[in-house]
Amino acid sequence: MLSERDYMREPSRRRWLSATIVLIAINIVAFAFQYSLLPKLIDPGYLALSLWGLQHGFVWQLLTYQFMHGGVPHLLLNCWALFVFGRGVEWAVGKTRFLILYFSGGIIGGLLQVLAAVLWPHYFRPTEASVGASAGIFGVVASFAMLFPEQRLVMLLFYVIPINMRAKSFLWVVLVITALGISFPDSKLALLLGRNVAHFAHLGGILTGLAFTRFYFLRFLRPADVVE
-5 MLSERDYMRE PSRRRWLSAT IVLIAINIVA FAFQYSLLPK LIDPGYLALS LWGLQHGFVW
55 QLLTYQFMHG GVPHLLLNCW ALFVFGRGVE WAVGKTRFLI LYFSGGIIGG LLQVLAAVLW
115 PHYFRPTEAS VGASAGIFGV VASFAMLFPE QRLVMLLFYV IPINMRAKSF LWVVLVITAL
175 GISFPDSKLA LLLGRNVAHF AHLGGILTGL AFTRFYFLRF LRPADVVE
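Just so you know, we're using this note's numbering here: the sequence shown kicks off at -5 and counts up by one.
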(Lines of atoms letter the chains of each structure in order from A and count residues from 1; the text may use other names and numbers.)
(Lines give C-alpha, C1' and ligand atoms only; values in the text may rest on other atoms or scores of the structure.)
Protein backbone atom coordinates (compact mmCIF):
# COMPACT_ATOMS: atom_id res chain seq x y z
CA MET A 1 0.00 0.00 0.00
CA LEU A 2 1.05 3.60 -0.48
CA SER A 3 1.04 4.10 3.29
CA GLU A 4 3.94 1.65 3.61
CA ARG A 5 6.30 4.06 1.90
CA ASP A 6 8.54 6.26 4.05
CA TYR A 7 7.34 9.43 2.37
CA MET A 8 3.74 8.49 3.22
CA ARG A 9 4.17 7.58 6.87
CA GLU A 10 6.91 10.00 7.99
CA PRO A 11 5.24 12.37 10.50
CA SER A 12 7.62 15.21 9.83
CA ARG A 13 6.63 18.80 9.22
CA ARG A 14 8.94 18.85 6.22
CA ARG A 15 6.63 16.50 4.29
CA TRP A 16 3.80 19.04 4.43
CA LEU A 17 6.10 21.83 3.30
CA SER A 18 7.24 19.85 0.28
CA ALA A 19 7.49 21.20 -3.26
CA THR A 20 4.57 18.95 -4.18
CA ILE A 21 2.26 20.63 -1.67
CA VAL A 22 3.49 24.07 -2.72
CA LEU A 23 2.75 23.28 -6.39
CA ILE A 24 -0.76 22.13 -5.49
CA ALA A 25 -1.36 25.34 -3.54
CA ILE A 26 -0.06 27.48 -6.41
CA ASN A 27 -2.31 25.68 -8.89
CA ILE A 28 -5.34 26.30 -6.68
CA VAL A 29 -4.51 30.00 -6.23
CA ALA A 30 -3.81 30.37 -9.97
CA PHE A 31 -7.16 28.75 -10.78
CA ALA A 32 -9.00 31.18 -8.51
CA PHE A 33 -7.15 34.07 -10.18
CA GLN A 34 -7.87 32.66 -13.65
CA TYR A 35 -11.63 32.74 -13.11
CA SER A 36 -11.85 35.97 -11.13
CA LEU A 37 -9.37 38.78 -11.76
CA LEU A 38 -7.48 37.55 -14.83
CA PRO A 39 -10.23 38.20 -17.43
CA LYS A 40 -10.47 41.79 -16.17
CA LEU A 41 -6.74 42.35 -16.63
CA ILE A 42 -5.78 40.48 -19.78
CA ASP A 43 -7.16 38.09 -22.37
CA PRO A 44 -6.46 34.59 -20.93
CA GLY A 45 -5.58 33.51 -24.47
CA TYR A 46 -2.23 35.23 -24.04
CA LEU A 47 -1.36 32.79 -21.25
CA ALA A 48 -2.85 29.54 -22.59
CA LEU A 49 -0.57 27.55 -24.92
CA SER A 50 -1.29 27.81 -28.63
CA LEU A 51 0.51 27.57 -31.94
CA TRP A 52 -0.62 31.11 -32.72
CA GLY A 53 0.89 32.34 -29.47
CA LEU A 54 4.28 30.75 -30.03
CA GLN A 55 4.34 31.99 -33.61
CA HIS A 56 3.91 35.50 -32.23
CA GLY A 57 6.69 35.09 -29.70
CA PHE A 58 4.59 34.40 -26.59
CA VAL A 59 7.11 31.88 -25.28
CA TRP A 60 5.92 32.42 -21.69
CA GLN A 61 2.87 30.34 -22.61
CA LEU A 62 4.99 27.21 -22.19
CA LEU A 63 5.08 28.00 -18.48
CA THR A 64 1.83 29.86 -17.83
CA TYR A 65 -0.42 27.26 -19.46
CA GLN A 66 0.69 24.79 -16.79
CA PHE A 67 -1.06 26.86 -14.11
CA MET A 68 -4.37 27.22 -15.97
CA HIS A 69 -7.21 24.69 -15.95
CA GLY A 70 -10.42 24.07 -17.83
CA GLY A 71 -12.66 23.73 -14.79
CA VAL A 72 -12.92 22.44 -11.26
CA PRO A 73 -12.85 18.71 -12.19
CA HIS A 74 -9.73 19.29 -14.29
CA LEU A 75 -8.02 21.07 -11.41
CA LEU A 76 -9.02 18.50 -8.78
CA LEU A 77 -7.90 15.53 -10.88
CA ASN A 78 -4.50 17.10 -11.53
CA CYS A 79 -4.01 18.09 -7.90
CA TRP A 80 -4.96 14.61 -6.73
CA ALA A 81 -2.51 12.96 -9.16
CA LEU A 82 0.25 15.35 -8.14
CA PHE A 83 -0.43 14.60 -4.46
CA VAL A 84 -0.37 10.82 -4.97
CA PHE A 85 2.70 10.57 -7.21
CA GLY A 86 4.62 13.78 -6.57
CA ARG A 87 5.61 13.15 -2.98
CA GLY A 88 7.24 9.82 -3.79
CA VAL A 89 9.33 11.21 -6.64
CA GLU A 90 10.28 14.29 -4.63
CA TRP A 91 11.29 12.10 -1.66
CA ALA A 92 13.47 9.94 -3.91
CA VAL A 93 15.24 12.58 -6.02
CA GLY A 94 14.98 15.78 -3.99
CA LYS A 95 13.05 19.02 -4.45
CA THR A 96 15.27 20.59 -7.09
CA ARG A 97 15.38 17.62 -9.44
CA PHE A 98 11.66 17.02 -8.88
CA LEU A 99 10.83 20.58 -9.94
CA ILE A 100 13.12 20.32 -12.97
CA LEU A 101 11.24 17.19 -14.01
CA TYR A 102 7.83 18.72 -13.42
CA PHE A 103 8.38 21.90 -15.42
CA SER A 104 10.44 20.17 -18.13
CA GLY A 105 7.61 17.68 -18.65
CA GLY A 106 5.17 20.55 -19.00
CA ILE A 107 7.37 22.43 -21.46
CA ILE A 108 8.31 19.43 -23.59
CA GLY A 109 4.74 18.16 -23.54
CA GLY A 110 3.50 21.57 -24.62
CA LEU A 111 6.00 21.76 -27.47
CA LEU A 112 4.97 18.30 -28.67
CA GLN A 113 1.30 19.28 -28.62
CA VAL A 114 2.04 22.41 -30.68
CA LEU A 115 4.18 20.37 -33.09
CA ALA A 116 1.22 18.04 -33.62
CA ALA A 117 -0.89 21.06 -34.57
CA VAL A 118 1.72 21.96 -37.19
CA LEU A 119 2.10 18.47 -38.65
CA TRP A 120 -1.53 17.32 -38.46
CA PRO A 121 -3.74 20.45 -38.47
CA HIS A 122 -6.77 18.39 -39.56
CA TYR A 123 -6.70 16.40 -36.31
CA PHE A 124 -5.03 18.81 -33.88
CA ARG A 125 -6.34 22.25 -34.76
CA PRO A 126 -3.78 25.10 -34.68
CA THR A 127 -6.40 27.53 -33.36
CA GLU A 128 -7.03 25.53 -30.18
CA ALA A 129 -5.25 26.40 -26.94
CA SER A 130 -4.05 23.99 -24.26
CA VAL A 131 -4.19 24.49 -20.50
CA GLY A 132 -3.40 22.34 -17.49
CA ALA A 133 -0.61 20.78 -15.45
CA SER A 134 -1.18 17.33 -16.92
CA ALA A 135 1.99 17.14 -19.02
CA GLY A 136 4.24 17.84 -16.04
CA ILE A 137 2.22 15.49 -13.85
CA PHE A 138 2.43 12.69 -16.41
CA GLY A 139 6.20 13.11 -16.28
CA VAL A 140 6.01 12.64 -12.52
CA VAL A 141 3.78 9.56 -12.94
CA ALA A 142 6.26 7.99 -15.38
CA SER A 143 9.14 8.69 -13.03
CA PHE A 144 7.22 7.20 -10.10
CA ALA A 145 6.54 4.04 -12.09
CA MET A 146 10.26 3.65 -12.82
CA LEU A 147 11.36 4.37 -9.27
CA PHE A 148 8.66 2.27 -7.57
CA PRO A 149 7.43 -0.18 -10.24
CA GLU A 150 5.99 -2.70 -7.76
CA GLN A 151 4.18 -0.10 -5.65
CA ARG A 152 0.50 -1.00 -5.30
CA LEU A 153 -2.03 1.66 -6.29
CA VAL A 154 -5.78 1.68 -5.86
CA MET A 155 -7.34 3.41 -8.86
CA LEU A 156 -10.99 4.12 -9.65
CA LEU A 157 -12.18 2.89 -13.05
CA PHE A 158 -14.76 5.34 -14.41
CA TYR A 159 -14.44 7.06 -10.99
CA VAL A 160 -16.47 4.24 -9.40
CA ILE A 161 -14.87 0.77 -9.65
CA PRO A 162 -11.74 0.31 -7.46
CA ILE A 163 -8.86 -1.51 -9.16
CA ASN A 164 -5.64 -2.55 -7.45
CA MET A 165 -2.59 -2.45 -9.73
CA ARG A 166 1.15 -1.97 -9.65
CA ALA A 167 2.65 1.38 -10.62
CA LYS A 168 4.32 -0.11 -13.71
CA SER A 169 0.97 -1.53 -14.84
CA PHE A 170 -0.71 1.81 -14.32
CA LEU A 171 1.91 3.46 -16.54
CA TRP A 172 1.12 0.97 -19.31
CA VAL A 173 -2.58 1.80 -18.96
CA VAL A 174 -1.77 5.50 -19.27
CA LEU A 175 0.39 4.84 -22.34
CA VAL A 176 -2.37 2.83 -24.04
CA ILE A 177 -4.96 5.53 -23.36
CA THR A 178 -2.58 8.19 -24.68
CA ALA A 179 -1.82 6.16 -27.82
CA LEU A 180 -5.53 5.62 -28.51
CA GLY A 181 -6.26 9.30 -28.02
CA ILE A 182 -3.53 10.23 -30.49
CA SER A 183 -4.44 7.58 -33.06
CA PHE A 184 -8.19 8.23 -33.06
CA PRO A 185 -8.62 11.90 -32.09
CA ASP A 186 -12.10 12.37 -33.61
CA SER A 187 -13.57 8.97 -32.80
CA LYS A 188 -16.19 8.06 -30.22
CA LEU A 189 -13.42 6.27 -28.37
CA ALA A 190 -11.50 9.53 -28.02
CA LEU A 191 -14.62 11.21 -26.62
CA LEU A 192 -14.93 8.39 -24.10
CA LEU A 193 -11.30 8.88 -23.06
CA GLY A 194 -11.91 12.58 -22.57
CA ARG A 195 -13.06 15.49 -24.70
CA ASN A 196 -10.39 18.04 -25.74
CA VAL A 197 -7.57 16.15 -24.05
CA ALA A 198 -4.03 17.13 -25.14
CA HIS A 199 -2.76 13.58 -25.59
CA PHE A 200 0.44 14.67 -27.31
CA ALA A 201 1.25 16.85 -24.32
CA HIS A 202 0.69 13.84 -22.08
CA LEU A 203 3.00 11.76 -24.25
CA GLY A 204 5.68 14.45 -24.06
CA GLY A 205 5.42 14.47 -20.29
CA ILE A 206 5.65 10.68 -20.08
CA LEU A 207 8.72 10.55 -22.33
CA THR A 208 10.34 13.31 -20.27
CA GLY A 209 9.73 11.40 -17.05
CA LEU A 210 11.14 8.17 -18.47
CA ALA A 211 14.22 9.89 -19.91
CA PHE A 212 14.97 11.95 -16.80
CA THR A 213 14.67 8.95 -14.53
CA ARG A 214 16.67 6.59 -16.72
CA PHE A 215 19.53 8.92 -17.63
CA TYR A 216 19.58 11.44 -14.78
CA PHE A 217 17.80 10.53 -11.55
CA LEU A 218 19.08 6.98 -11.06
CA ARG A 219 22.65 8.26 -10.77
CA PHE A 220 21.78 10.18 -7.61
CA LEU A 221 19.84 7.52 -5.73
CA ARG A 222 21.12 5.23 -3.03
CA PRO A 223 20.42 1.53 -3.75
CA ALA A 224 17.91 1.44 -0.87
CA ASP A 225 15.96 4.32 -2.39
CA VAL A 226 15.31 2.76 -5.75
CA VAL A 227 12.90 0.09 -6.85
CA GLU A 228 11.62 -2.67 -4.63
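Ideal placement from N, C-alpha and C gives every residue a C-beta, glycine not left out. As the structure is a computational prediction, the values presented were derived from the model and not from experiment.
Quick check for students: name the residue ranges of the alpha helix (DSSP H) that lie wholly in the region 33 to 115, counting only runs of 4 or more. 45 to 49, 55 to 58, 66 to 87, 89 to 113
Have a look at Trp74 and Arg119 and give me their C-alpha separation to the nearest angstrom. 29 Å
Could you give the distance in angstroms between the alpha-carbon of Leu32 and the alpha-carbon of Phe178? 35 Å
State whether the region 128 to 146 contacts the region 189 to 205, with contact taken as three or more CB pairs (one from each stretch) at a distance under 8 Å. yes
Cβ neighbours of Thr58 in the same chain (closer than 6 Å, five flanking residues each side left out): Leu41
Would you report the Cα separation of Ala123 and His116, rounded to the nearest angstrom? 15 Å
What is the DSSP secondary structure of Asn190, counted as helix, strand or coil? coil
Contact between the region 83 to 94 and the region 162 to 171: three or more CB pairs below 8 Å? no
Helix, strand or coil for Gly175 per DSSP? helix
Roughly how many angstroms lie between the CA atoms of Arg3 and Lys34, to the nearest whole one? Its pLDDT being 47, under 50, Arg3 is placed unreliably by the model, and the measurement read from it follows with that caveat. One C-alpha to the other measures close to 44 Å.
According to DSSP, simplified to helix, strand and coil, what is Arg119? coil
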